[in-house]
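Chains as they are written, first to last, in this note's numbering: chain A, 3 to 425; chain B, 3 to 425.
Ideal Cβ positions, reconstructed from N, Cα and C, are used throughout, including at glycine.
A short write-up of the structure that comes next.
Pasting the structure below:
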């Protein structure tokens with residue numbers, strides 16, 4: 003095992019509100035151990051083009067040429083979106099494109115890099131796996147460690163992913179607000195709120211937290227894990243209109259028909275380099291048009307779009323803390339001689355909420371998708387179970403950072419006027 | 003002048019994050035003066051159907067049957083959307099529909115109402131004017147006072163409207179976040195963010211505050227006050243691409259062509275009872291499709307939709323305070339014998355920010371629209387002047403309630419990595 007002196011770090015995939023908190027954790031921990039830290043610009047793609055940034059020059063108090071102030075690492079941690087820039091770049095297998103990896107090895111050698119950290123989701127763990135596989139085959143002693151990040155929470159090997167808690171808190175908060183907004187006219191209405199999440203329903207499921215503080219929405223959650231049934235949805239909405247006027251539906255972008263096709267025609271759906279749904283799948287719009295055919299009422303489609311993944315103003319303090327800790331743990335893993343691993347969270351207890359950090363082989367998790375399991379989905383397929391809520395609750399907690407009229411990371415509103423408590 | 007004992011209060015028009023802060027101000031001030039306070043359910047429309055709620059029963063500490071807790075009025079103030087429900091209901095002229103007003107007078111008499119407060123925007127001030135005109139003609143001694151409310155800030159007779167500051171703060175905040183999110187891949191992209199605001203550009207203009215903390219977006223603001231020029235927009239975007247990759251455009255929903263038509267075909271635009279644009283005008287979508295024809299890059303349309311009017315989680319503390327104060331001032335105006343008036347804010351000084359409350363005759367303001375004046379719009383028509391920023395800044399301030407990494411009501415991010423400060 004070599005002595006590590008200089009570490010390369012990159013951010014990859016879709017940004018989150020707290021991805022820079024992980025980078026901040028990496029930088030602070032690297033400096034604590036006297037390591038120099040170099041950032042890839044735009045992930046592995048930019049690095050291969052020779053684009054880097056010396057983060058020690060920028061952030062080390064002893065070297066900081068007033069580019070950033072004294073609290074720079076803390077400020078970085080509360081800046082949303084990837085500070086180093088990101089990429090969606092699928093690496094070739096090393097057996098198929100040796101020159102690619104030789105170029106990579108040369109680039110690393112020219113900078114004297116002796117450890118790599120890559121912050122990202124399941125696609126990024128594919129990158130970690132491929133680079134470490136090449137190094138293993140070539141007896142190159144440069145450890146590679148993945149640090150999890152994705153609002154989608156679809157990564158195996160960790161209880162949950164940094165970024166998810168903040169997006170979950172944002173979604174639950176705005177669903178509470180939008181539900182209050184939607185019912186002011188006292189007239190029948192359907193509001194469809196679309197979340198991201200690709201093929202996993204975690205973000206949609208998180209909207210169930212909007213009912214934690216005695217609110218009465220959402221009414222229906224559509225998850226990719228449950229095949230979309232148009233007739234059942236329409237009949238469910240019809241039944242809901244029997245007892246309430248304003249109906250709130252949360253639809254995950256990844257909802258699919260029983261035959262696996264997306265709700266929108268294929269031609270309207272864009273796929274990314276990894277074959278995943280690109281954002282803005284348009285389910286809110288599709289469902290709004292569907293409802294329009296069946297119900298004569300106000301119908302509104304709201305796509306939470308990238309708002310949900312960059313809302314640092316509504317971030318979960320638990321999420322921010324864990325993102326930082328996992329960044330620091332990545333440095334620790336390198337120093338402990340680990341490679342081809344991802345640092346992850348293992349839940350020890352729900353109440354009080356406790357986690358431990360562990361290492362998991364990337365080969366076991368890369369390119370896999372962690373779906374919402376069946377025992378977290380209600381029998382009728384359009385709500386979540388208590389098990390899901392128990393899992394979700396601690397992730398949006400703000401601990402001691404609670405703002406006025408907030409509890410457990412959620413806004414608290416005055417109970418609604420019922421039809422009865424009148425004059 | 004009669005002695006006022008029982009006041010009727012209603013909320014009307016589109017909800018805001020702080021409309022209940024005005025209601026809270028009304029309730030607290032009414033109780034301070036020993037008045038009983040009755041709420042209209044769903045504004046004047048619900049009242050005429052006999053639907054009311056006794057707010058003294060619900061909120062007075064001496065009468066509170068544990069429906070709401072001790073801090074109920076404070077909790078109400080931080081609950082978004084109209085607690086009493088709302089309506090969009092245009093009253094007939096009393097000369098044309100006397101039975102309508104006789105029914106109203108009868109309903110008021112049956113409840114012993116001797117004062118009316120109506121919280122709303124310019125349409126609601128039309129209601130205040132018509133009711134008070136009928137009372138004046140019939141020598142009915144029931145004063146009617148309007149309390150301003152609208153995120154659109156398009157109401158004459160007040161420096162600004164409660165609700166606007168919170169929506170402005172929300173918009174500036176998310177534009178800062180979305181701009182950071184949009185540029186992570188380092189590839190050319192256009193992001194179009196649509197705001198509400200009807201025919202006034204105040205909400206669009208408020209997005210300029212997103213540049214206050216050294217951020218570099220938005221790049222272009224499209225206001226309804228400036229006729230839309232397709233060619234100029236495309237050439238402006240082309241010029242921007244010469245020096246930056248990620249372009250952020252904020253488009254007000256009310257943007258119109260030189261001939262006054264909306265951007266979308268008329269058939270796609272819904273109008274409300276007052277002939278205004280209904281929400282979701284779809285300009286973001288229209289402009290995204292337009293840009294797609296001219297630029298080969300990632301294009302994203304984001305409609306802030308009702309998110310911007312109910313975001314109590316991002317409310318401005320200044321706005322919350324002023325909303326409450328104007329509610330209380332409405333009660334004071336009734337007690338001072340005023341009628342056919344709206345209470346409004348008069349700005350005394352920008353720095354330090356100081357306002358005074360005054361009364362203005364509703365006849366002078368009802369159904370009028372306060373546009374962004376020419377001297378607040380830059381010469382090229384797609385940005386705002388320093389005068390506009392001076393006007394806007396204090397409205398989003400949080401005073402002493404600033405969260406971590408916030409200044410002047412806005413998030414503060416770490417400066418971006420430039421192309422130069424690399425390795």
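Can you pull the DSSP bridge partners for residue i?
i, result
"residue 344(A)", "148(A) and 362(A)"
"residue 412(B)", "409(B)"
"residue 197(B)", "254(B)"
"residue 173(A)", "Residue 173(A) is not bridged to any residue."
"residue 398(A)", "Looking at the DSSP assignment, residue 398(A) forms no beta bridge with any residue, so it has no partner."
"residue 351(A)", "356(A)"
"residue 386(A)", "379(A)"
Return helix, strand or coil for residue i, following the three-state DSSP convention.
i, result
"residue 289(A)", "helix"
"residue 120(B)", "strand"
"residue 247(A)", "coil"
"residue 271(B)", "With a pLDDT of only 47 at residue 271(B), under 50, the local geometry of the prediction cannot be trusted, and the value read off the model is given with reservation. Note: residue 271(B) maps to coil in three-state DSSP."
"residue 317(A)", "coil"
"residue 73(A)", "coil"
"residue 368(B)", "coil"
"residue 304(B)", "strand"
"residue 282(A)", "Unreliable placement is indicated for residue 282(A), whose pLDDT of 49 sits below 50; the coordinate value is still reported in the next sentence. Coil, per DSSP."
"residue 209(B)", "helix"
"residue 9(A)", "strand"
"residue 264(B)", "strand"
"residue 153(A)", "coil"
"residue 192(B)", "strand"
"residue 134(B)", "helix"
"residue 357(A)", "strand"
"residue 420(B)", "coil"
"residue 443(B)", "Only positions 3 to 425 of chain B appear in the structure, and residue 443(B) is not among them; the question remains open."
"residue 26(A)", "helix"
"residue 2(B)", "Chain B is shown from 3 up to 425; residue 2(B) falls before or after that span and cannot be answered."
"residue 14(A)", "coil"
"residue 403(A)", "helix"
"residue 393(B)", "helix"
"residue 129(A)", "helix"
"residue 324(A)", "helix"
"residue 19(A)", "coil"
Can you tell me which of the options puts its alpha carbon nearest to the alpha carbon of residue i?
i, options, result
"residue 198(A)", "399(A), 17(A) and 7(A)", "17(A)"
"residue 95(B)", "367(B), 153(B), 42(B) and 136(B)", "136(B)"
"residue 262(A)", "227(A), 295(A), 287(A) and 235(A)", "227(A)"
"residue 121(A)", "326(A), 167(A) and 291(A)", "326(A)"
"residue 7(A)", "113(A), 103(A), 260(A) and 237(A)", "113(A)"
"residue 65(B)", "36(B), 85(B) and 43(B)", "36(B)"
"residue 2(A)", "85(A), 33(A), 81(A) and 63(A)", "Residue 2(A) falls outside the range modelled here, since chain A spans only 3 to 425, and no answer is possible."
"residue 21(A)", "387(A), 341(A) and 323(A)", "323(A)"
"residue 435(A)", "368(A), 116(A), 383(A) and 286(A)", "With chain A covering 3 to 425 only, the question about residue 435(A) has no answer from this structure."
"residue 155(A)", "125(A), 134(A) and 145(A)", "125(A)"
"residue 115(A)", "49(A), 162(A) and 168(A)", "49(A)"
"residue 13(A)", "88(A), 19(A), 81(A) and 389(A)", "88(A)"
"residue 512(B)", "5(B), 214(B), 236(B) and 209(B)", "No information on residue 512(B) is available, as it lies outside the stretch 3 to 425 that chain B covers here."
"residue 339(B)", "39(B), 98(B), 145(B) and 29(B)", "145(B)"
Given that residue i touches chain E, what residues does it touch there, using C-beta distances under 8 Å?
i, result
"residue 74(A)", "Looking at the structure shown, chain E is missing, and the protein chains on hand are A and B."
Point to revise | 4-residue-minimum alpha helix (DSSP H) runs that sit fully inside the segment 212 to 262 of chain B, ordered along the chain | key: Here the runs fully enclosed are 232 to 243.
**Study point:** Proximal residues, the segment 169 to 190 of chain A versus chain B, C-beta separation under 8 Å
**Key:** Under the 8 Å Cβ criterion, the segment 169 to 190 of chain A contributes 175, 176, 179, 180, 182, 183, 184, 185, 186, 187 and 188.
Review point. The segment 192 to 215 of chain A: which residues have C-beta closer than 7 Å to a C-beta of chain B, in chain order?
Key: Hits within the stretch: zero.
Exercise for review: Would you list, in chain order, the members of the segment 381 to 414 of chain A that have their beta-carbon closer than 9 Å to a beta-carbon of chain B?
Suggested key: Of all residues in the segment 381 to 414 of chain A, 403, 405, 406, 407, 408, 413 and 414 have a Cβ within less than 9 Å of some Cβ in chain B.
Review point. At a Cβ cut of 8 Å, what residues of the segment 77 to 91 of chain A count as close to chain B, listed as they run along the chain?
Key: Residues passing the 8 Å Cβ filter: 77, 78, 80, 81, 82, 83, 84, 85, 86, 87, 88, 89 and 90.
Exercise for review: With 9 Å as the limit, tell me which residues of the segment 306 to 326 of chain B have their beta carbon closer than that to any beta carbon of chain A; keep them in chain order.
Suggested key: Cβ contacts with chain A come from 306, 307, 308, 309, 311, 312, 313, 314, 315 and 316.
Practice item. Could you name each continuous beta strand (DSSP E) segment of 3 residues or more that falls completely within the segment 32 to 104 of chain A, going from the start of the chain to the end? Key: DSSP assignment within the segment 32 to 104 of chain A yields the following whole beta strand (DSSP E) runs of 3 residues or more, N-terminal first: 38 to 42 and 54 to 56.
Point to revise | Against chain B: residues of the segment 3 to 21 of chain A by CB proximity under 7 Å | key: For the segment 3 to 21 of chain A, which is checked against every Cβ of chain B, the residues closer than 7 Å are 17.
**Study point:** Contact residues within the segment 51 to 64 of chain A, judged by C-beta distance below 7 Å to chain B
**Key:** Those would be 53, 54, 55, 56 and 60, in chain order.
Point to revise | Short-range partners of chain A found in the segment 351 to 369 of chain B, where Cβ spacing is below 9 Å | key: Residues passing the 9 Å Cβ filter: none.
Practice item. Closer than 8 Å, Cβ to Cβ, to anything on chain B: give me those residues from the segment 104 to 122 of chain A, in chain order. Key: Listed in chain order, the positions of the segment 104 to 122 of chain A with a beta carbon within less than 8 Å of a beta carbon of chain B are 113.
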